[in-house]
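To convert, count from 1 in the sequence shown and add 114; that's the working numbering.
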Amino acid sequence: MKPLAYRLRPKEFSEVYGQDHLVGEDGIIKSMLKKKLFSFILHGNPGTGKTTIALITAEKSGLDYYHFNASTDNKARLMEIIDTTAYRDILIIIDEIHRMKTDVQDYLLPFLENGKVTIIGITTLNPYSSVNKAIRSRCHIYKVLDIETDSILKALKGAINSDELNYDGVIDLDVLTYISKVSNNEIRTALNNLEMITIYGAKQDRINLAIAKRALGDKSLSLDDGNDYYDILSAFQKSLRGSDVQASLHYLSRLILLEDMESIIRRLLVVVYEDVGLANPNLGPRVFAACETAKKVGFPEARIPLSVAVIDTALSPKSNTAITAIDKAIDRYKSGVVGPIPDHILNREISKNPEIYKYPHNYKHAAVYQQYLPNNIIDDVYYEPKEESSYEIALKKRMELLKNIK
115 MKPLAYRLRP KEFSEVYGQD HLVGEDGIIK SMLKKKLFSF ILHGNPGTGK TTIALITAEK
175 SGLDYYHFNA STDNKARLME IIDTTAYRDI LIIIDEIHRM KTDVQDYLLP FLENGKVTII
235 GITTLNPYSS VNKAIRSRCH IYKVLDIETD SILKALKGAI NSDELNYDGV IDLDVLTYIS
295 KVSNNEIRTA LNNLEMITIY GAKQDRINLA IAKRALGDKS LSLDDGNDYY DILSAFQKSL
355 RGSDVQASLH YLSRLILLED MESIIRRLLV VVYEDVGLAN PNLGPRVFAA CETAKKVGFP
415 EARIPLSVAV IDTALSPKSN TAITAIDKAI DRYKSGVVGP IPDHILNREI SKNPEIYKYP
475 HNYKHAAVYQ QYLPNNIIDD VYYEPKEESS YEIALKKRME LLKNIK
């Protein structure tokens, strides 16, 4: 028998939880289906509904649709799909689109251009960095959001009232609440956990929290006090940022008991570059090496390099000047205050007249004054160093030196 999550896969947009921006009454995908369906890519964490949304969209599109897995299928499979549908437009759902091989992409592009093929790409990665630009530029990109605990609870209640759950007894509400908090914000995982619990407690007239915990084992141990999973992740990151090494280790231990390696590593690396940054630039490679070691050895040994990285990060000097600087630059650009790049640093102009560009290495301190910013933002300042570490103090002195070169 197929898993409960498969049997209860939504068949209508109204049954999809937490994605109103895409499939609600004013959702972009629902709006497209009323007029014209464009190619798009869905990205988000596992279990958030990407495949479900793609399938419902395909069913409602009026087009014949096909599945293509970019990880396992090859060009011959794509040719077969397109050649056998030569006289009609089609839709192709491309799973793991970030793994699309060059020969497949090259064959697909002309059909995307002429409208013969519309695609719905699916990926767990950020398509702006993982999907080839040629494909990405021909698709709209939409984020499928993580599912909130309340939405997972609604899905579980719906499952209990369906004909698909083979259990006639009573399931306590705190069991459903517990499942919703320990399922990594994934409805699929939550439904499969519910099914596991009902199988384990099949002989019981009532399933309580104790039965549920025995059925699911220790994977939810650190959530037993009722804290939301993402609250723990947030507390972990804030403790690192706040330089509280004891609290950082406490929350690390709770995440280790969940064996949630990827979330630990992601939060660690974010703190290293967002909150430590230029106060201790050598920390990044050290933490990255510790994280790679943790992934290689796996749990339980992974706790050791992760502990090293957490202690090092928590006690490191902190500086957020890097993130502050780039966010200022991005906000400035988004405001529409943009001018042309100066001619003397444009390759097409330099090729006509090489003398207009001053090569910095030909000058003392490997620096020479010339304008790099566009005229209308020439006085903008994005990076403002702090004096939190010897390294950033040195950067500040270097900036002062460069400022005096005229």
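Positions of the beta carbon are idealized from the N, C-alpha and C atoms, including for glycine.
By Cβ distance, which residues of its chain are closer than 8 Å to Glu502, with the 5 residues on each side in sequence left out? Ala393, Pro431, Lys432 and Ser433
How is Asp426 classed by DSSP in three states: helix, strand or coil? helix
Which of helix, strand or coil does DSSP assign to Ser482? Note on residue identity: the sequence assigns Val, not Ser, to residue 482. Looking at Val482 - three-state DSSP - the assignment turns out to be coil, as it is neither helix nor strand.
Please return the same chain residues whose Cβ sits closer than 7 Å to the Cβ of Leu118, not counting the five positions on each side in sequence. Ala273, Glu278, Leu279, Leu305, Asn306, Leu308 and Glu309
Tell whether a beta-carbon distance below 8 Å holds between Gly141 and Ile261. no
Note down the Cα distance separating Gly398 from Ala404, rounded to an integer number of angstroms. Gly398 and Ala404: Cα-Cα distance of roughly 10 Å.
Taking buried to mean at least 16 other C-beta atoms within 10 Å of its own C-beta, is Asp319 buried or exposed? exposed
Taking the beta strand (DSSP E) that Tyr180 falls in, what are its first and last residues? Asp178 to Asn183
In angstroms, rounded to a whole number, what distance separates the CA positions of Asp178 and Ser377? 39 Å
Tell me, please, which residues DSSP counts as bridged to Leu156. Ile236 and Tyr256
Should the region 253 to 268 be called in touch with the region 181 to 191, which here means at least 3 C-beta pairs below 8 Å? no
Nearest by alpha-carbon distance to Pro419: which of Ile464, Ile370 and Asn228 is it? Ile370
Checking the sheet assignment: what are the DSSP bridge partners for Val284? Partner(s): Arg320.
Which one or two residues does DSSP pair with Val451 in a beta bridge? Paired residues: none, contrary to the question.
Which residue's Cα is closest to the Cα of His364: Asn396, Ala428, Gly315 and Pro395? Ala428
With the cut-off set at 8 Å, would you say Ile233 and Ile208 are in Cβ contact? Taking a C-beta distance under 8 Å as the contact criterion, Ile233 and Ile208 qualify as a contact pair.
Going straight from the alpha carbon of Gly412 to that of Val422, what length do you get? 15 Å
Any idea if Leu335 is buried or exposed, counting beta-carbon neighbours within 10 angstroms, 16 or more meaning buried? In this predicted model, Leu335 has a pLDDT of only 47, less than 50, meaning its place in the structure is not dependable; the value taken from the coordinates is given anyway. With fewer than 16 other Cβ atoms within 10 Å, it is exposed.
Suppose contacts are defined by Cβ-Cβ distances below 8 Å. Is Ile603 in contact with Val296 by that definition? Nothing can be reported for residue 603, as the shown portion of the chain is limited to 115 through 520.
Excluding five sequence neighbours on each side, which residues of the same chain lie with their C-beta closer than 7 Å to the C-beta of Lys174? Correct list, in chain order: Leu147.
For Arg512, count neighbouring C-beta atoms within 10 Å of its own C-beta (all shown protein chains included) and say buried if the count is 16 or more, exposed if not. exposed
What is the residue span of the beta strand (DSSP E) that Asp209 lies within? Ile204 to Asp209
Any idea which residues DSSP pairs Val411 with across the strands? For Val411, DSSP assigns no beta-bridge partner whatsoever.
Do the CB positions of Val218 and Leu239 come within less than 8 Å of each other? no
Assign Tyr256 to one of two classes, buried (16 or more other C-beta atoms within 10 Å of its C-beta) or exposed (fewer than that). buried
Helix, strand or coil for Leu137, going by three-state DSSP, please let me know. As written in the sequence, residue 137 is Val, which differs from the Leu given in the question. Helix.
Figure out for me which residue from Ile143, Ile379 and Phe154 has the closest Cα to the Cα of Ile236. Phe154
Using 8 Å as the threshold, is the C-beta distance between Phe127 and Lys150 below it? The beta carbons of Phe127 and Lys150 sit no closer together than 8 Å.
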